[in-house]
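A.B. asks: One structure, as structure tokens, below. Some questions next.
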């Protein structure tokens, strides 16, 4: 079978494919964080930029993809921004799936990862993956 240069459905489809694949990838915050399983059923999230939404995105993505947590499961801040264990020299936030012992639940809506006990559901944490941050 010989293909010719006439414009037909195949030619249009191939041209569309080339145009679509030559566009730069627009990644969400998922590409800006790395999550690591940590002792005590905790997750350590290291972010490329120290922004709340990127940390939450990493925790939500890890909870859903690696731990198969349901969307309604809660994620809690166990330790605010501090030196990373998994990546020395970088900052991380540690998250867990139950309220840290001796910590009162946070009332009000905030995504501040410096507040120990602050929480979001897995679904809400995953929503932060779509937020545009000040870093880009």
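Numbering (the working numbering), first residue to last: 1179 to 1314.
Even glycine gets a Cβ: it sits at the ideal position worked out from N, Cα and C.
Check the DSSP bridge columns for residue 1221 and list the partner residues they point to.
C.D. replies: The residue labelled residue 1221 in the question sits at position 43 within the chain shown. According to DSSP, residue 1221 bridges with 1215, 1273.
A.B. asks: DSSP beta-bridge partners for residue 1298?
C.D. replies: In the chain shown, residue 1298 corresponds to position 120, counting from 1. DSSP, once it has assigned bridges, lists 1253 as partnering residue 1298.
A.B. asks: Distance, Cα to Cα, residue 1216 vs residue 1237?
C.D. replies: Taking the first residue of the chain shown as position 1, residue 1216 is located at position 38. Taking the first residue of the chain shown as position 1, residue 1237 is located at position 59. Linking residue 1216 to residue 1237 through their CA atoms gives a straight-line distance of about 12 Å.
A.B. asks: Return the first residue and the last residue of the alpha helix (DSSP H) that residue 1236 is part of.
C.D. replies: Counted from its first residue, the chain shown places residue 1236 at position 58. First-last of the alpha helix (DSSP H) with residue 1236: 1230-1243.
A.B. asks: Can you give me the Cβ contacts of residue 1267 inside the same chain, cut-off strictly under 6 Å, excluding the 5 residues immediately before and after it?
C.D. replies: Here residue 1267 refers to the residue found at position 89 of the chain shown. Excluding positions up to five away in sequence, the list is empty.
A.B. asks: Tell me the rounded alpha-carbon separation between residue 1243 and residue 1209.
C.D. replies: One-based indexing of the chain shown puts residue 1243 at position 65. One-based indexing of the chain shown puts residue 1209 at position 31. So the alpha carbons of these two residues sit roughly 14 Å apart.
A.B. asks: Classify residue 1274: buried if its beta carbon has 16 or more other beta carbons within 10 angstroms, exposed otherwise.
C.D. replies: Locating residue 1274 in the chain shown gives position 96, where the first residue counts as 1. Buried.
A.B. asks: Mind checking whether residue 1294 and residue 1278 have CB atoms under 8 Å apart?
C.D. replies: Here residue 1294 refers to the residue found at position 116 when the chain shown is read from its first residue. Here residue 1278 refers to the residue found at position 100 when the chain shown is read from its first residue. Closer than 8 Å, so yes.
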